[in-house]
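In this note's numbering, the protein residues as written are 434 to 803.
Backbone N, C-alpha and C fix where the C-beta goes; we use that ideal spot for every residue, glycine too.
Printed below as a string of structure tokens:
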């Protein structure tokens, strides 16, 4: 795993999955590697009441009911659609569920404007077709078709970014559970094996890009993943992801709790400002998601490690925040400058602590970008 830039969940947590499978005596749907109860435990972590001989780490932070509904959906013959704002952990949850259920989370189609039917069905190896003609051997199955043939979970990221033709092709797969290959005279139908299902994700901010048809919506159970607003839960997510980052980069650094509080409070302030804004011009272009908080902290940690005193400072944190969130010029810079003067400056005078240095770092960053 050390030679992979980013190991998929089934490799990263292989030891945990092996252990859970060895002690799992609960009934399993289809060809699932773990029972629904153990899938939930893998995703949400173990508790003392579970009575296990070892602790299982929590990997996704959110409401237990969302995970349970997702697992129940995958145990049925319906697709699962995880929908929510950017950075709410939809893709990470989909990856964890796939890893726990079939030990393969890499059967993924990325939805874009350029995604075609071939990406969810099949294409052809041209050189083999020229040499031997069209056959099963010269066919290149899509990740979705591979999932069907192996009774595994196929994933479709950003479903609403794909065109209506692609969405219509997915309706047939979810309804009929097979793919026809009309180019072949025989052996021309690929049937789905028990255990096959599709987890799709959709960005709620993409509404209107390529809206889902009523027919496709009926093939999915919707699970809406809300933005994390609880400060304690958000701190756990940021801390969990940051610790993973530090291990990956082999950086020995403790994130001071005071600076984590400054980061969380800053995002909370900016979200409140965006919620009360009268127009889009008065809002940052950023979604101010938990994932973006992690990105800001990652940038600050790496900058401090490579170019600073191998320590995280409030000045570097503020510089990272401005650099990450100022995507439009001059609009975003004006919003951040207003925040620094209207909120951070009074707070730095009243509370002191890390806020004065944070204020100075933010001002320096804005001056550099202006």
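For residue j and residue i, the rounded distance between their alpha carbons
i	j	result
residue 602	residue 652	12 Å
residue 655	residue 581	21 Å
residue 641	residue 557	Note that residue 641 scores a pLDDT of 49, beneath 50, so its modelled location is shaky; the value from the coordinates is reported in the next line. Rounded to the nearest angstrom, the two C-alpha atoms are 33 Å apart.
residue 711	residue 780	24 Å
residue 559	residue 584	28 Å
residue 608	residue 626	14 Å
residue 553	residue 632	13 Å
residue 705	residue 528	31 Å
residue 646	residue 637	15 Å
residue 551	residue 540	14 Å
residue 855	residue 604	Because the chain here runs from 434 to 803, residue 855 falls outside it and cannot be looked at.
residue 509	residue 471	17 Å
residue 713	residue 703	14 Å
residue 410	residue 538	Shown here, the chain extends from 434 to 803; a query on residue 410 therefore has no answer.
residue 628	residue 773	53 Å
residue 434	residue 542	Because the pLDDT at residue 434 is just 49, under 50, the model does not fix this residue reliably, and the point stays unresolved.
residue 575	residue 569	13 Å
residue 437	residue 784	44 Å
Same chain, Cβ closer than 7 Å to residue i, neighbours up to 5 away in sequence not counted
i	result
residue 549	599
residue 716	707 and 710
residue 741	749
residue 799	755, 766, 769 and 770
residue 692	745, 747, 750 and 787
residue 501	473
residue 616	567
residue 524	590 and 634
residue 611	622, 623, 624 and 625
residue 662	none
Other residues of its chain near residue i: CB distance less than 6 Å, five sequence neighbours each side excluded
i	result
residue 684	738
residue 579	540
residue 512	607, 631, 652 and 653
residue 721	700, 703 and 704
Cross-strand partners of residue i (DSSP beta bridge)
i	result
residue 572	557
residue 653	512
residue 517	636 and 658
residue 611	624
residue 543	590
residue 455	For residue 455, which the question treats as bridged, DSSP gives no partner whatsoever.
residue 631	587
For residue j and residue i, believed in contact at Cβ under 8 Å, the rounded distance
i	j	result
residue 497	residue 477	6 Å
residue 577	residue 531	Between residue 531 and residue 577 the Cβ distance is about 13 Å, and since that is not below 8 Å, they are no contact.
residue 635	residue 593	5 Å
residue 795	residue 777	7 Å
Cβ neighbours of residue i in the same chain (closer than 8 Å, five flanking residues each side left out)
i	result
residue 734	675, 678, 679, 684, 686, 688 and 745
residue 757	719, 725, 728, 729 and 732
residue 664	697 and 701
residue 672	688 and 693
residue 802	755, 756, 759, 762 and 766
Please determine if the segment 743-759 and the segment 781-791 are in contact, where contact requires at least 3 C-beta pairs separated by less than 8 Å. Flag = yes, the segment 743-759 and the segment 781-791 touch.
Contact between the segment 507-518 and the segment 558-573: three or more CB pairs below 8 Å? no
With contact counted as at least three CB pairs below 8 Å, one residue from each stretch, are the segment 437-455 and the segment 494-512 in contact? no
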